[in-house]
Amino acid sequence: MRGNHQRRRGGRAWIAGCAAVAWAATSVVPAQAAWAASQDTARPAVAKAPHLCTVWTHDGQKRTQLADKLDTDIEAAVHGRGDTYGVRVKDPDLGIECGLNSTEHFKSASAIKATILAALLLKAHEQHRSLTAHEKSLAYSMITVSDNNAATALWNDVGRAGLQKFLDLGKMKATVLGPGGYWGDSLLTAKDETTLLWLLLRPNAVLTTAARDYELSLMAHVVSYERWGVPAGAPAGFKVHVKNGWAPLDAPFWNVNSIGCFTHGKKAYSIVVLTAGNPSMAYGITTIENVAIKVHHDLNSSLTAAVPRSTRNASWGIPDENTPKN
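Using this note's numbering, you'd call the opening residue of the sequence shown number 852 and step up by one each time.
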C-alpha cells in the first residue's frame, strides 16, 4: 500500500469481462496496442454456465455431489451482488476445479505483484544467481506490505521482455501487461492467476523449488491488515498464502482482487476472486469473502474454520496505488 505508482490517465472505463487475449513472445503487435485492444473488447460479465465445477476423477458419487454443492454455494455467494466477478477454485486432491467468468479480464491493481516476483525469480535463475540483498528487500516490501515503489523498481528491473517470458513459459496466455510502467493496469483472469498459484505450489520447469518456497513464504507473511479476501473461512491447520489488490481504477468504482492458496502438509488448494465495479473497497471484499467462506467450508467440511470474516481497517478505502484526479 505504501509508495507511489503513477497511474495512466484517461482510457475507457473498465467493466470486468473481455475475451481472453493470448500473447506470444513472437507477436508483432506492440504492447500498448494489445492492451488497448483488450480494453476495446470489454463487455459485461456473462451469465454463469449451468455447471461451474468439473470433477476430473471418477471414483464415486461423493465428489460429484461436492461439485454440485460448490456450484450452488458459489452461485449463492454472488447472488444479488452489484459488482462483476471472476472466480476460480482448484483442489487437485479432490479432483475438482470450478470457474465462474474465469477467463474474463480484470484490472490487476497490486495483484500483479505476485507475477512480478515470479518473473524476477525466473530471471535470477536464468542468470545462475540468487536474488541480491537489494532485490530481496524490494520483494519483501512489495509482497508483505504491497509497497508500490518496490513494485515499480522490480517491474523495471525484470523488464517487459522478462515479464512476458515468464507469462509465456508459465502458459499464462490471457494475462496482458499494463502499458509502459503502469503495472496496475495489467489485465488478469482468474484462470491465469490460478495457473500462477500452481506454478508456486507444484514442481515445474519454470520456477525452482527454492524460488517457489521463497515466494510462498512472503505471501504467508503479508501484514494482517492486508490479509482480507480469500483467506476468510480457511480451516485450522492450513497455512495461508495471499496477495491482494485494491484501487478505484475506474473511479468511483473499485477493482478489488484476492488470490490465495492454502497448504497443509502435501495437501493444497487455491481460490481466486477478481472483482470490478465495486462502489467501495469494502463492498468488493464482502463479495470475495462471501465466495471464500463457502468454498473453504465445502472443501473442508469436517474441519473448523479458523480465519474469520475481515473487520474494517483504517486502511480500507485508501487505494494501494495513485489514481488520476478528475
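Glycine included, every Cβ here is placed at the ideal spot set by N, Cα and C.
- DSSP, reduced to helix, strand and coil, places T1059 outside both helices and strands of the structure shown, so it counts as coil.
- For S959, the closest alpha carbon among the candidates A928, L917 and T1040 is that of T1040.
- Taken atom to atom, the span from the alpha-carbon of H1092 to that of Q916 is near 28 Å.
- Restricting attention to V1009, T1155 and V929, the CA atom closest to the CA of T966 is found in V1009.
- Assigned with DSSP and collapsed to three states, H1148 falls in helix.
- In the structure shown, T905 falls within a strand segment according to DSSP collapsed to helix, strand and coil.
- Rounded to the nearest whole angstrom, the CA to CA distance from T1045 to V1074 is 22 Å.
- Here E1172 is near S961, since their CB atoms are less than 8 Å apart.
- A Cβ-Cβ separation of about 31 Å leaves A918 out of contact with I963 under the 8 Å criterion.
- Under the DSSP assignment, I994 falls in the alpha helix (DSSP H) whose first and last residues are A984 to T995.
- Linking L1058 to K1042 through their CA atoms gives a straight-line distance of about 19 Å.
- In this structure, the CA atom of H1115 is about 29 Å from the CA atom of E986.
- Between the alpha carbons of L1154 and R1011 lies a gap of roughly 43 Å.
- Here R914 has V906, T908, L945, G946 and I947 as same chain residues with Cβ atoms under 8 Å from its own Cβ, once five neighbours each way along the sequence are excluded.
- Under the rule that a run must span 3 or more residues, the beta strand (DSSP E) segments found entirely inside the stretch 1080-1110 read 1090-1101.
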